[in-house]
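Have a look at the structure below, then the notes.
Number of protein chains: 4
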Amino acid sequence: MIDKFEVAIIGGGIIGCSIAYYLAKEKMNVAVFEGNQIGMKTTSAAGGMLGAHSECDGDFDAFFPFARSSQFAYSELKEQLNHLCGLDIGYRKGGILKLAFNESDRNELQSILSQPTVKWLDKETLSEMEPHISNKLLGAAYIEEDVNVLPMAVCQAFAKSAQILGATINEYSPVHNIHKKENGFLIETTTGQVEAEYVVVANGVWSTTFFKQLGLDRQLMPVKGECLSVIDEKMTLKHTIFHDHCYIVPRSNGRLVIGATSIENDWNEKVSLDGIETIIAKAKTMLPNIAHLKIDSFWAGLRPQTFDRKPFIGHHPEEEGILFATGHYRNGILLAPATGQMIRDLILKRQVNNEWVEAFKIDRHQPFAIK
Amino acid sequence: MIDKFEVAIIGGGIIGCSIAYYLAKEKMNVAVFEGNQIGMKTTSAAGGMLGAHSECDGDFDAFFPFARSSQFAYSELKEQLNHLCGLDIGYRKGGILKLAFNESDRNELQSILSQPTVKWLDKETLSEMEPHISNKLLGAAYIEEDVNVLPMAVCQAFAKSAQILGATINEYSPVHNIHKKENGFLIETTTGQVEAEYVVVANGVWSTTFFKQLGLDRQLMPVKGECLSVIDEKMTLKHTIFHDHCYIVPRSNGRLVIGATSIENDWNEKVSLDGIETIIAKAKTMLPNIAHLKIDSFWAGLRPQTFDRKPFIGHHPEEEGILFATGHYRNGILLAPATGQMIRDLILKRQVNNEWVEAFKIDRHQPFAIK
Amino acid sequence: MIDKFEVAIIGGGIIGCSIAYYLAKEKMNVAVFEGNQIGMKTTSAAGGMLGAHSECDGDFDAFFPFARSSQFAYSELKEQLNHLCGLDIGYRKGGILKLAFNESDRNELQSILSQPTVKWLDKETLSEMEPHISNKLLGAAYIEEDVNVLPMAVCQAFAKSAQILGATINEYSPVHNIHKKENGFLIETTTGQVEAEYVVVANGVWSTTFFKQLGLDRQLMPVKGECLSVIDEKMTLKHTIFHDHCYIVPRSNGRLVIGATSIENDWNEKVSLDGIETIIAKAKTMLPNIAHLKIDSFWAGLRPQTFDRKPFIGHHPEEEGILFATGHYRNGILLAPATGQMIRDLILKRQVNNEWVEAFKIDRHQPFAIK
Amino acid sequence: MIDKFEVAIIGGGIIGCSIAYYLAKEKMNVAVFEGNQIGMKTTSAAGGMLGAHSECDGDFDAFFPFARSSQFAYSELKEQLNHLCGLDIGYRKGGILKLAFNESDRNELQSILSQPTVKWLDKETLSEMEPHISNKLLGAAYIEEDVNVLPMAVCQAFAKSAQILGATINEYSPVHNIHKKENGFLIETTTGQVEAEYVVVANGVWSTTFFKQLGLDRQLMPVKGECLSVIDEKMTLKHTIFHDHCYIVPRSNGRLVIGATSIENDWNEKVSLDGIETIIAKAKTMLPNIAHLKIDSFWAGLRPQTFDRKPFIGHHPEEEGILFATGHYRNGILLAPATGQMIRDLILKRQVNNEWVEAFKIDRHQPFAIK
Ligand SMILES: Cc1cc2nc3c(=O)[nH]c(=O)nc-3n(C[C@H](O)[C@H](O)[C@H](O)COP(=O)(O)OP(=O)(O)OC[C@H]3O[C@@H](n4cnc5c(N)ncnc54)[C@H](O)[C@@H]3O)c2cc1C
Ligand SMILES: Cc1cc2nc3c(=O)[nH]c(=O)nc-3n(C[C@H](O)[C@H](O)[C@H](O)COP(=O)(O)OP(=O)(O)OC[C@H]3O[C@@H](n4cnc5c(N)ncnc54)[C@H](O)[C@@H]3O)c2cc1C
Ligand SMILES: Cc1cc2nc3c(=O)[nH]c(=O)nc-3n(C[C@H](O)[C@H](O)[C@H](O)COP(=O)(O)OP(=O)(O)OC[C@H]3O[C@@H](n4cnc5c(N)ncnc54)[C@H](O)[C@@H]3O)c2cc1C
Ligand SMILES: Cc1cc2nc3c(=O)[nH]c(=O)nc-3n(C[C@H](O)[C@H](O)[C@H](O)COP(=O)(O)OP(=O)(O)OC[C@H]3O[C@@H](n4cnc5c(N)ncnc54)[C@H](O)[C@@H]3O)c2cc1C
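Protein chains in written order, with full-length UniProt numbering: chain A, 1 to 371; chain B, 1 to 371; chain C, 1 to 371; chain D, 1 to 371.
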């Protein structure tokens, strides 16, 4: 006898777990197959910024509204998930400061500053808000609505809530093959086989191994990010600060998280001496006093990058029963709720914003191939 | 040149840090001297139950009102501390269930059940609330107002808030000697000497080393408690349960904390095989399914026990400038806010409930000496 | 351009790394593809007993001589590997004591005791050798030649030595597919594709996922083993002791390793409360004093079990370029050198003991199928 | 009833444990009182170089012969301790290379190079021995006899062997006071009182707290050293290298240990961002490839420094029953055996080299006081 599910989700990172949660809420019979342990890969490495504004990079058509809807979803989720499963997702206000050391930095912030919810802070205001910040700054763009969460806590809260609502979560169950059958799919895992009507490929950067097998000429490239955290004994920093691809995030456990390098095409998940040196140097530029703080820990994760840095969310072009929810690059934490909702709506054939469907479909036009 | 403080606090556990916080709020110039790292001793080992009812043991004159005032203080502290320092103390409602397997268990609960806020739950109600609990139970006393916190988070929030309010926190600074001087005291630490008008002895079970030196015929006895935590993947348990000196506490990080042994007069802070075996057996009696859960970690701590199991809080009988705040046994987390407030009031010469002064003074009558 | 190797080895546990070492010594161009980190799966969980006698279970035709040749290989390897790569494999003499509490235990030891190198020790001799052992024993079979190593150290020494000799070790590189090509094979990994003339399937219990894909009606079943280690402050135990599937191994880092449960068909690699409870109870039966020792850590691993509990070592029945080296169940540490040598000899077409070829070939007769 | 010992040793670092071992071998009734856990303070932070030559700094009268006798003792200890207690101290040959990047570096090495056992290696020889070393070097002084050990392993082997020989080791037992009595001393620890004929003050940098209490105008200053270790997958480095107060030590567990900063008068035992940055930079100067290696862990320790950087070993000037064995600064691992032997000989009134007595006595002339 073989187990049957309505939906089988491959990957138990924040994306797979979000999908499981939103489907389980609709009483779908859903199962997650996680090769390792829930959330322990890229999700556990993330800073946890919900940077709808700070990450939008000028894409106000699809990315920005999608990201904002996800951000809004979080403000409800924090209560809902806590109520359901008892976990606390560490939702924390404060906003993000994008720093400008000079006019060129400031120019780069123009597009963000044009948004109504973002404001410019001059040097004085800034140093009142954050007295320990570098005194070489011109000012900063203050994005009050870009808040933080604890990524692992969100992921575990999704997984546990999904389970409480009836979903099955299988850890240590890597999926090896997806076979088409008459009415659905046969999924082969190390631990056995199951059948499902729908399959969602949501295993982060490792999704790339299924693309060819499923007849798709697409690829994900890992962009490794290395981080470290320090113990902030006093209160050196209250807001997340950001400059030159580096950030410092204050956590509600008293740690400052410093991130992150961007090393393309490196599958090794350990932290190099070089990486650590780089981010210490950048952190000191923003917050000189950080040099005296004491190290707590270090880690790395692999961001799943697509050719245009936007995720692949939607149906397989020829095989409706297969869906993708992957390639979230730097923004998987931010986008997890909206991704879960979109996959739910696609499976339940509810209405989905067409801009998003087009922008995120896996067979959208790719200008040139990665080699 | 020697540093001078109004108040020097020996010990940076939850008690010392609470005192520092309440004094710093009054703009006192206060310093904590911690031999190791903030909170890493007994405080870090605690379950975090605020068991004003469940621990009161019939003492409605002093312990219970003192404990209740402390419990109330927590409901305000969670916002105040978060606002001030950004840390989250993990305050979590849900209450405590004291289980009765038979009539004799039930009889022991009579005194608690006589309290207006505590109610009896029969077997059916109980198994609806907690479906995985043992089916051999008669019922349970439900103490809804006995909530939980994360002990380390509270301690760090006190310490960090105190620092932000101007207090000095010295880690790795064990105090060796307290010398009387003309206008106060000279405190010798490994890292140097300081002067203070008031000295508060708040170094948990290690306070015992100062008693003789300060001319007091008192002692503290360590009662070692060993614990372990498991990963609760689904939601096996929602409320803290308690029976036969053992408890299981659900944490907002998805862990169940199982505690604790009581080994008298053992100063060794490591966990023995015996200890682990004992608490696993007890936990299975209460919650049979727990046997299948996976272990997360294990640890031990030393409860500071006085001859009558009530803390020593108050002035030295002959030396007004020396105060004690120690011997909190099983209830230091619960009693930390009230202890901090009482020491503050004693130093600022504000009014203090006389029952408490009498019940907790270090020179109260000891019926027989511990040998 | 695609990388080409003479031999591609799937799996970087002790088996894969041993093969890489023996081939690299012959100047073969070899690469290991490890999905995770070298040795971190079953290998890291092992006790490290080289139990040629204690594990032979009456099979004196193939298993025993194969195991003995492996044991002998270790006595040379310890110097060779250290010289080459600087690592110390923790080779430690002392032997294994198989305990008999009663006549029935003693009868079970008859077959082992019939071997010339094994001797019976009576109660008195035993309690002189191991004063803290249970006083309820009849005696023990003393297998002096069954020594210990540190499994992770061996595995890393094989890997590092192989690298120094020219082999390529790829971590974080799971293999997904093996395709036949004209002159060899195409191996697909997450991190790209490579070509090889020979492919060795050596990925422990996860080898099972390749069997069907390669047209073989075989399976491996995980048998999970849970362990813990304690700190032996004095010298409670000098020799490895063994009874009723449980053992206690003294390590040269001052730890006693206690193992292990045998949970069939469980792919989850975490330790359960039940498991811990079971092995503590068994350890106390053998060595009552162990109850007071302090816990150091705990872990679990998955033994790869075949239908007859002997490994699969040899060519694919139809495809000479594919070889298997897997299914080493409880004895992968013991058998690693002999397995590496046998695969080397098969690839280099040197002579190999025919009894071994027949006993370990993957298409040997399986009396009934596992379902 | 109070416990009585012939010798009470305060401190269970490598120095205290060595003394316990050498006294226990002479059947003395000895007890160690360790405030925390054996070896977990400065000892566990050390690199483990036995740098008799490289550290001697021109002192050929006392330091050098003392250090050499200690180094020789190690070559026997490795067998003796292993035989007695089963632990392996990680003794590893290979020697130390003191690098010269320019003529000025080379001049500094003259004094070392004048020693018969030390030789100069030119650039070519050096790059054959260590192909990955910086190509900007002139050459190096090769001190073949300066070998390595694993400091924690040595310390635990001393402790365990001492126990097996009859010594008592008390962990979690800080000593607070030493009182003179009629025939010996009363030692107050947290865990109770004991009597002893001799007291040895061997608690590393914390010994400083007893000096004043014992009427001595001496002080120890902590010199904090921060380290990190990386995983050396291939064999990037075979010998210990040393330059500009920084070193890289290859360990037999495949790690390279990089050390160390020297921060005076800092009692905090955690690692700062600054410290890490500094040693990474220095390590890259010596071994550029190290930049790509992956971090394993980081830690810090406090070196106990005396006014002239030589240890205090010997009797209290007025109180024969009190001895000191402390202030070993950068060389406590190297000097542990010789220190243990010297204290043994002083207590047993055997003959001791008079140069050493004079050079290391605590009341030797201090040219100017540290303030
Ligand atoms: C340093 C760093 C900082 C970041 N900061 C932020 C941030 O501040 N905000 C933000 O929004 N995003 C951030 N990100 C990005 C974010 O972490 C990712 O976009 C997100 O975690 C992707 O989630 P995922 O579930 O797709 O992938 P993962 O978390 O990697 O989950 C995929 C899962 O699939 C499993 N798996 C793989 N193969 C298989 C298989 N064959 N079968 C079954 N299971 C399989 C894996 O074990 C894994 O658990 C950051 C990333 C990094 C590295
Ligand atoms: C297993 C267990 C479970 C528990 N559960 C609960 C619970 O659920 N609810 C509850 O209310 N209570 C609980 N307790 C009790 C509670 O943990 C203690 O009462 C409380 O932590 C005592 O706090 P403290 O600050 O006095 O001691 P500590 O936390 O031990 O702090 C004392 C500090 O003093 C420092 N110190 C020692 N000597 C010196 C010196 N000479 N100089 C400077 N510093 C020094 C130490 O390093 C330490 O940090 C539990 C205890 C245990 C062991
Ligand atoms: C508790 C316990 C105690 C034991 N004690 C002993 C003992 O005392 N003596 C003894 O001889 N044996 C002992 N064993 C057995 C021994 O540990 C195993 O037989 C041995 O480790 C098997 O080695 P392996 O290399 O085949 O497997 P593993 O060590 O599991 O290595 C397989 C490797 O393959 C990798 N991998 C998996 N899939 C892929 C893929 N698709 N692509 C690339 N890589 C992949 C994995 O990540 C893993 O690293 C014990 C086992 C256990 C669990
Ligand atoms: C980064 C670094 C690298 C080094 N590298 C080397 C090297 O390569 N070679 C070398 O020879 N040396 C090296 N050293 C120096 C060496 O580590 C020290 O000299 C040595 O460890 C000192 O040993 P100890 O036993 O005196 O001190 P410790 O190891 O500090 O032991 C003292 C013990 O006393 C205990 N204690 C303190 N107070 C009390 C009390 N009141 N009662 C009871 N117990 C107490 C402490 O808990 C501690 O365990 C290095 C040091 C550092 C920091």
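Just so it is clear, CB atoms sit at the ideal spot from N, CA and C, and this is done for glycine as well.
Close Cβ partners of residue i (< 6 Å) along its chain, the five nearest in sequence each way excluded
i: Leu97 of chain A; result: Ala140, Tyr142, His239, Ile241
i: Ala162 of chain C; result: Ala20, Tyr21, Ala24
i: Pro367 of chain A; result: none
Contacts that residue i makes with chain C (C-beta to C-beta distance below 7 Å)
i: Pro250 of chain D; result: Gly86
i: Trp206 of chain A; result: Thr190
i: Lys238 of chain D; result: Gly86
Nonlocal neighbours in the same chain, by C-beta distance under 8 Å from residue i, ignoring five residues either side
i: Ser70 of chain A; result: Leu50, Ala52, Leu334, Leu335, Ala336, Pro337, Ala338, Thr339
i: Gln351 of chain B; result: Asp345
i: Pro288 of chain D; result: His132, Ser134
i: Thr236 of chain C; result: His132, Leu256, Leu287, Asn289, Ile290, Leu293
Heavy atom of ligand 2 within 7 Å of residue i beta-carbon
i: Met49 of chain B; result: yes
i: Leu302 of chain B; result: yes
i: Leu186 of chain B; result: no
Start and end residues, alpha helix (DSSP H) containing residue i
i: Leu126 of chain D; result: 123-129
i: Lys212 of chain C; result: 208-213
i: Ala140 of chain A; result: Per DSSP, Ala140 of chain A belongs to no alpha helix (DSSP H); it is in the beta strand (DSSP E), 139-143.
Residue i: CB within 7 Å of a non-hydrogen atom of ligand 4
i: His328 of chain D; result: yes
i: Gly314 of chain D; result: no
Partners in chain A for residue i, counting only beta-carbon separations shorter than 8 Å
i: Ile276 of chain D; result: Ile276, Ile280, Ile295
i: Thr191 of chain C; result: Trp267
Neighbouring residues, chain A, relative to residue i (Cβ below 7 Å)
i: Thr168 of chain C; result: Here the premise fails: no neighbours, minimum Cβ distance about 14 Å.
i: Phe298 of chain D; result: Ile295
Ligand 3 heavy atom lying under 7 Å from the CB of residue i
i: Phe33 of chain C; result: yes
i: Asn331 of chain C; result: yes
i: Leu334 of chain C; result: yes
Where residue i meets chain D, residues with beta-carbon distance less than 7 Å
i: Gly254 of chain C; result: Leu87, Gln156, Lys160
The beta strand (DSSP E) enclosing residue i, as first and last residue numbers
i: Asp59 of chain B; result: From DSSP, Asp59 of chain B is part of no beta strand (DSSP E); its letter is neither H nor E.
i: Val30 of chain B; result: 30-33
Chain C contact residues for residue i, given Cβ-Cβ distances below 8 Å
i: Ile290 of chain B; result: Leu273
Anticipated Cβ contact below 8 Å, residue i with residue j, distance rounded
i: Ile19 of chain A; j: Ile9 of chain A; result: 6 Å
Any non-hydrogen atom of ligand 1 within 7 Å of residue i CB
i: Leu97 of chain A; result: no
i: Asn36 of chain A; result: yes
Interface residues of chain D facing residue i [CB-CB closer than 8 Å]
i: Lys270 of chain A; result: Ile231, Lys294, Ile295
Cross-chain neighbours of residue i in chain B, by beta carbon under 8 Å
i: Tyr172 of chain D; result: Trp267, Asn268, Glu269
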